[in-house]
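**Q** First, the structure itself, so that you have it in front of you.
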Amino acid sequence: MIRPSLTALAACLALTSPVLAEKLTPERIFADPSLTGPTARGVSLSPDGKRVTYLKAKAEAANVQDLWAADVAGGEPYRLIDSASLSSGAKELSEAEKARRERARVSSRGIVEYSWDSQGRFILVPLDGDLYLDSVADGKVSRLTETPGDEVDAKVSPLGGFVSYVRDQNLYVKPVDGGAEKALTTDGRDALSFGVAEFIAQEELDRFSGYWWSPSESHIAYTRVDESGVDIVPRADIGPGGATVVLQRYPRAGRPNAVVDLFVRNMATGQVVPLDLGSNKDIYVARVDWSANGKTLYVQRLSRDQKTLDIIAFDPTTGLGKTILTETDRNFIEVHEDFRPLADGSFLWSSEKSGFNHLYRHAADGKLIAQITKGDWPMDRVEGVDEARKVVIFGASIETPIERRLYEVSYAKPGKPKALTPAGGWWSAKVASNGAFAGSYSDPKTPPQTGLYAPDGKRVRWIEENRLAEGHPYWPYASTLTTPDYGTLQAADGEVLHYSILKPSDFDPAKKYPAIVSVYGGPHAQRVSKTWQSASERTYLEAGYLIFKLDNRGSSNRSAKFKRALDRRMGTVEVDDQIVGANYLKSLPYVDADKLGVMGWSYGGFMTLMMLTAENTPFKAGAGGAPPTEWGLYDTAYTERYMGKPEENKEGYARSDILNRLDRMKPGSLLLLHGMADDNVIFENSTRLIAALQKKAIPFEMALYPGERHSAPGSKTKGLSVLKTHLEFFNRKLKGH
């Protein structure tokens, strides 16, 4: 997925500030401790509800995480597992694990994931390719594996009887109470894998697992992934010590995908049953879920064109299935996590069929029981379900798209949603089965804080308060923190577009400032929200720039119409909206209209190129990182969802090819950046642009990053260089020094 990847370093303004602030430098942003302060990531509630666990970065090494815990009854949070006590962190990860972390946008080391068993007896901790098990009863940590290959996608089975994992393309289980591991599959090699989520599932469908335990752990469902038909794209992995050629199987738009089949294994008898997904193998397995009683396996089958999604209910003992619900859309369907099977056999499901995403309840046979939420606002995501009270907890932006609150509503007797959290900022949550939740909140004046909350929304205790006060890493800079100005503009079709402007702390409306548009612009992303702003971008304020952001048509958290405006025409309406924003920016009396810049990474890199080559572009300079320059070079699911196959939309693909617009690029206006080991937006996207610019003798600048993949701006080793290169470029182009 083309995602924004500028590092979001969260901190916030406290009620009081230091008298004299230090200057926030690029060097400090990438130094330790993190300016974010102590934040909780990967928060989980123990099954018995007595403990909250989470990941927290080391103060002395912000990119290395440990496992922490806090008791609900009170007391200070404590470190449960120190990653340094188990691993030096020096192990070279396998290519499979590197790729999996890149797909999940995980850049930290140490403990980056963990999982509880449903009984609350164990915590499984994968660390640097091996597995460790923490026994909650006595606190002892035992090592489960020590193998040359990496164990990936590790899980504790629901009742705690087994640990399962994938190694070297095969699925294994190992008894928790001792005993040898057992290979459930043995044929995985070359282009054949078992129990894995293929590249497309991870990158574009947000499905990161390829196997699923039944609640009683009597059965396990798993994938068989055959990539033999997928094109091999030779990719030069150029690092500081030389180059290697990676023969990456990369499914480009219009080309063959991996073939994914599903099987269910009876753990007692060893019988393996194939599931009948239909005669058409050119489909996506979007989601797999077990019913609460384990007697039904639900599979979401998504058509290749992503306009039809079927929910199929399978009998795991026979492999026979019945389609119980079909969702269709003339543009495309968004895959989500809102399918929730309930104990009574019914299930929750969200759909945009009303024009906004809302929640519905269906009977076991798929028949609609009731619409649960409604209105001219989108239900963002189901956060949890309290079946005892028959309520669903969800996140939504009801009052305004730039704020998010948590709500609950009865699914038995739907009515007006009840707000569980106050307005003013952005909330997310991890919800327990009893409705209690670990809630995280931030706004432009509040750091990302995490607390434990009762089902009614009352805070029980802090998990990480992260209050900006003396001793906080951001405290020396707190007095210069500024709150964005928020506003709205109108697109050409009348749609409301939200924007924000960040100004220096010493802003003088009588002066004129150079301004930089920070853009992403692609589907899914939302850049304008009442959260803490990127510390990286604040260095531009220190340098005397304004930072402008605008959420164009196609961005998330809006109506179905708004989100689908890019359909079959990427590089058009979203560029038009950004130009509307830039022209508004030029009109402001405190903006120097001749000194506008634009910057973005990934889809934002594509947008930077498109905006620099727009007719009568208002931009003097732009820094585009890792840009897709021709959508036929990008992957199937993402590209075809919005553009169709190349042969079906030749005009759209040609219109969005930057090479067809280069005659409008001002000489010397472009800084092109790219990681030289990028396995997402392949480096070829930039090399073809480089060659075309050189052929036309259009001067440009370039910064390449050996060994870096797609997320170079957030890299501990290269992020500082990326930021300083941007600043130096804009200082020369917009300020003349």
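Numbering (mature numbering (1 follows the signal peptide of the UniProt record, and there is no 0)) for the sequence shown: -21 to -1, 1 to 716. Think of the CB as a built atom: it goes at the ideal place given N, C-alpha and C, for glycine as much as any other residue. Only a predicted model underlies this, so the values are computations on that prediction, with no experimental measurement involved.
1. Looking at residue 452: is its Cβ nearer than 8 Å to the Cβ of residue 13?
2. Under three-state DSSP, which class holds residue 212?
3. Taking the alpha carbon of residue 633 as the reference point, which residue from 648, 425, 550, 651 has its own alpha carbon closest?
4. On the criterion of 16 or more Cβ atoms from any shown chain inside 10 Å, does residue 378 qualify as buried, or is it exposed?
5. Hey, is the stretch 186 to 198 in contact with the stretch 263 to 275, meaning 3+ C-beta pairs nearer than 8 Å?
6. How about residue 546 and residue 336: are their beta carbons less than 8 Å apart?
7. Beta strand (DSSP E) containing residue 44: first to last residue?
8. Give the single residue among 79, 88, 52, 158 whose Cα lies nearest to the Cα of residue 34.
9. Residue -15 by DSSP, collapsed to three states: which one?
10. List the DSSP bridge partners of residue 269.
11. Residue 605 to residue 642, Cα distance in whole Å?
12. Give me the DSSP bridge partner(s) of residue 242.
13. Rounded to whole angstroms, what is the Cα-Cα separation between residue 508 and residue 425?
14. Do residue 388 and residue 319 have their C-beta atoms closer together than 8 Å?
15. Go to residue 292, then tell me how far its beta strand (DSSP E) extends in each direction, as first and last residue.
16. Alpha carbon to alpha carbon, how far is residue 250 from residue 203? Give it in angstroms, no decimals.
17. Can you look up residue 562 in the DSSP assignment and give me helix, strand or coil?
18. Does the distance from the C-beta atom of residue 90 to that of residue 67 stay below 8 Å?
19. If contacts are defined as beta-carbon pairs under 8 Å, then residue 684 and residue 703 qualify, I think. What distance do you get, rounded to the angstrom?
20. Over the uninterrupted alpha helix (DSSP H) stretch that includes residue 620, give me the two end residues.
21. Do you know how far the Cα of residue 481 is from the Cα of residue 449?
22. What would DSSP say about residue 62, mapped onto helix, strand or coil?
23. Given this structure, state the Cα-to-Cα distance separating residue 231 from residue 607, to the nearest angstrom.
24. From 399, 362, 223, pick the residue whose C-alpha is nearest to that of residue 438; which is it?
25. Unbroken beta strand (DSSP E) runs of length 3 or more, entirely within the stretch 72 to 140: which are they?
26. Could you give the distance in angstroms between the alpha-carbon of residue 265 and the alpha-carbon of residue 302?
27. Residue range of the alpha helix (DSSP H) that residue 631 falls in?
28. Around the Cβ of residue 799, are there at least 16 other Cβ atoms within 10 angstroms (buried) or fewer (exposed)?
29. Cutting at 6 Å between CB atoms, please list the residues of its own chain near residue 393, excluding the five before and the five after it.
30. What separation, rounded to the nearest whole angstrom, lies between the Cα atoms of residue 718 and residue 244?
31. Which residues in the same chain have their Cβ closer than 7 Å to the Cβ of residue 517, if we skip the five residues on either side of it in sequence?
32. From residue 672 to residue 646, what distance separates their C-alpha atoms?
33. Quick check on residue 211: buried or exposed, where buried means 16 or more other Cβ atoms within 10 Å of its Cβ?
34. Residue 10 by DSSP, collapsed to three states: which one?
35. Kindly list the residues whose CB is nearer than 6 Å to the CB of residue 700, restricted to its own chain and excluding five residues on each side of it in sequence; keep chain order.
36. Leaving aside the five residues before and after residue 530 along the sequence, list all residues of the same chain whose C-beta is less than 7 Å from its C-beta, in chain order.
**A** Answer, in terms of the structure:
1. Cβ atoms of residue 452 and residue 13: closer than 8 Å.
2. Residue state for residue 212 is assigned as strand, using DSSP reduced to three classes.
3. Comparing alpha-carbon positions, the option among 648, 425, 550, 651 lying closest to residue 633 turns out to be 550.
4. Burial check for residue 378: the Cβ neighbour count within 10 Å stays below 16, so the residue is exposed.
5. Flag = yes, the stretch 186 to 198 and the stretch 263 to 275 touch.
6. Result no, Cβ atoms of residue 546 and residue 336 do not sit closer than 8 Å.
7. 40 to 50 is the extent of the beta strand (DSSP E) around residue 44.
8. Nearest neighbour of residue 34 by Cα position, chosen from 79, 88, 52, 158, turns out to be 88.
9. Legend: pLDDT at residue -15 = 35, less than 50; position of this residue unreliable, value from coordinates given subsequently. Here residue -15 sits in coil by DSSP.
10. Residue pairing for residue 269: DSSP places it in a beta bridge opposite 276.
11. C-alpha separation (whole angstroms): 21 Å.
12. The beta-bridge partner set that DSSP reports for residue 242 consists of 201, 253.
13. In this structure, the CA atom of residue 508 is about 13 Å from the CA atom of residue 425.
14. If you check the CB distance, residue 388 and residue 319 do not come in under 8 Å.
15. Unbroken beta strand (DSSP E) run through residue 292: 287 to 293.
16. C-alpha separation (whole angstroms): 16 Å.
17. Of the three classes helix, strand and coil, the one that applies to residue 562 here is helix, per DSSP.
18. Not a contact, by the Cβ cut-off of 8 Å.
19. Not confirmed; about 13 Å, so no contact.
20. It spans 615 to 622 - the alpha helix (DSSP H) in which residue 620 sits, taken as one unbroken run.
21. Rounded to whole angstroms, the separation of the alpha carbons of residue 481 and residue 449 is 25 Å.
22. Residue 62 falls in the helix class under three-state DSSP.
23. Whole-angstrom Cα-Cα distance: 12 Å.
24. For the set 399, 362, 223, the Cα lying nearest the Cα of residue 438 is the one of 399.
25. The stretch 72 to 140 contains these whole beta strand (DSSP E) runs: 101 to 106, 109 to 114, 120 to 122, 131 to 135.
26. In a straight line, the C-alpha of residue 265 is about 15 Å away from that of residue 302.
27. Per DSSP, residue 631 belongs to the alpha helix (DSSP H) from 629 to 634.
28. This structure leaves residue 799 out entirely; the chain is present only between -21 and 716.
29. 349, 351.
30. Here the chain covers residues -21 to 716 and nothing more, so residue 718 does not appear.
31. Hits under 7 Å: 3.
32. Looking at the backbone, the Cα of residue 672 and that of residue 646 are separated by about 10 Å.
33. With fewer than 16 other CB atoms across the displayed protein chains lying within 10 angstroms of its CB, residue 211 is exposed.
34. Here residue 10 sits in coil by DSSP.
35. There are no such residues.
36. 476, 477, 505, 506, 507.
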